[in-house]
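Numbering (the numbering used here), first residue to last: 157 to 491. We put the CB at the ideal spot given by N, CA and C, even for glycine. In this text, all values refer to a predicted model and were calculated from it rather than measured experimentally.
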Amino acid sequence: MQAYELQHTTGSSSWSLVEKPQPQPGPGQALVRIHAVSLNYRDLIITRGTYPGLKLPLIPCSDGAGQVVAVGPGVTRVKPGDRVAPTFFQVWTDGERTPERVAHALGGSIPGVLSEYVCLDAEGLALLPDWLSYEEGATLPCAAVTAWNALVPQGGLKAGQTVLAQGTGGVSIFALQFARLLGARVIITSSQDDKLQRAKQLGADGLINYRQTPDWEQAVLSLTGGQGVDHVLEVGGAGTLPRSVAATKAGGHIALIGLLTGAPGKPDTGATSSKHLRVISTYVGSREMFEDMLKAMSREKTRPVIDRVFPFAQAREALRRMESGGHFGKIVITV
């Protein structure tokens, strides 16, 4: 079979197309023919060698979708022919996040899915509904589950509340879609007006161009009658966190998700304490969260937003698309 390997960490050119033996499922495993893979910003960080816990060579990417073609001894949860997507953390099926449950992350601490065939833990597979394509299903394991966890299990989002989503990458666009699905208002930021207009078409209530309005937290306060938002999906890191704190209403919630500005953010404890904010790091989620999210999406057939689909032979070009920052929604590779 063919697969991509990360053999060195020199950026977006680091992926090498290689021939490897097709794996065979062992006890508790399922062999999945991967049909589509989607990219996350994490994949780009990993190619730069700044992600902890890497052992090279490594098959990259956590997010994929495909069809079960064989199962190993003892597997009853899935069967050949099932359409599935692997969970980001292969052994976090339910319950709270623990170090043990997040120790097996695809495309990081264990081999990923940018490969024609992958052996996966049968318990770490979510069944895809028929109305989702493989390309759409491949967008879900990391970005969608992260947004869902931030808003629902951790955030306790309620209809009528207001969510601030930063940017128009995968997590933020899923947050926009889920918040609207659950009856919340959404304010979204971007440096590009055309992306803001696309977000408006998806249901965004407030639009802020942070390049034109550097003090965007003031614009958030203006849009919320001076109160601030109930929830912030903080994907920027240290560069944006102080503004997120200022934009959140007293008693509100900030989900710490990303580090697009280069370093994880550490909130000013004085500022967060005085406003009684809940500041919680969000690290994807469990299979149970994935399945609950799929049930909610099925109510209105919520379809993931795909920026562009690349063929397998152009996987490196897909990664460069991620690096350019020009995407809106998810970048997908067909396998």
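Where does residue 217 fall in DSSP's three states? Looking up residue 217 in the sequence shown gives position 61. Correct three-state label for residue 217: coil.
Apart from the five residues on each side of it in sequence, which residues of its chain come closer than 6 Å, Cβ to Cβ, to residue 434? On the sequence shown, residue 434 is found 278 positions in, with the first residue counted as 1. Closer than 6 Å at the Cβ level, and outside the excluded window around residue 434, lie 409.
Flag this pair as yes or no: are the beta carbons of residue 297 and residue 244 separated by less than 8 Å? Along the sequence shown, one-based indexing puts residue 297 at 141. Along the sequence shown, one-based indexing puts residue 244 at 88. Contact flag set, yes.
Uninterrupted alpha helix (DSSP H) stretches inside the region 161 to 217 (no shorter than 4 residues): 197 to 203
Less than 6 Å between C-beta atoms, sequence neighbours within five positions excluded: which residues of the same chain meet that for residue 419? Numbered from its first residue, the sequence shown carries residue 419 at position 263. Any answer about residue 419 is weak, because its pLDDT of 48 lies below 50 and its placement is not dependable; what the coordinates show is given next. Contacts found: 393 and 394.
Compare the C-alpha of residue 464 against each of 474, 455, 457 and 458 and name the closest. By one-based count along the sequence shown, residue 464 stands at place 308. Checking every option, the nearest Cα to that of residue 464 belongs to 474.
Of all the CB atoms in chain C, is at least one closer than 8 Å to the CB of residue 243? Although the question refers to chain C, the structure presented lacks it and comprises just one protein chain.
Residue burial classification, residue 219 (beta-carbon count within 10 angstroms, cutoff 16): Start at 1 with the first residue of the sequence shown, and residue 219 comes out as number 63. With 16 or more Cβ atoms within 10 Å of its Cβ, residue 219 is classed as buried.
Rounded to a whole number of angstroms, what is the C-alpha to C-alpha distance between residue 322 and residue 345? For the purposes of this step, residue 322 is identified with residue 166 of the sequence shown, where counting begins at 1. For the purposes of this step, residue 345 is identified with residue 189 of the sequence shown, where counting begins at 1. The alpha-carbon of residue 322 is positioned some 5 Å away from that of residue 345.
Could you say which of 381, 384, 412 and 406 lies nearest to residue 396 if we only look at CA atoms? The count along the sequence shown starts at 1 and reaches residue 396 at position 240. Comparing Cα positions, the closest option is 412.
Taking a contact to mean a Cβ-Cβ separation below 8 Å, would you say residue 270 touches residue 203 in this structure? Sequence index remark: in the sequence shown, residue 270 carries index 114 (1-based). Sequence index remark: in the sequence shown, residue 203 carries index 47 (1-based). For residue 270 and residue 203, no; Cβs fall outside 8 Å.
Only counting runs of 3 or more residues, tell me where the beta strand (DSSP E) segments fall wholly within the region 291 to 329, in order along the chain. 318 to 322
Would you list, in sequence order, the uninterrupted alpha helix (DSSP H) runs of no fewer than 4 residues that lie entirely inside the region 379 to 418? 397 to 403
For residue 282, which of helix, strand or coil comes out of DSSP? Translated into the one-based positions of the sequence shown, residue 282 becomes position 126. Residue state, collapsed to three classes: strand.
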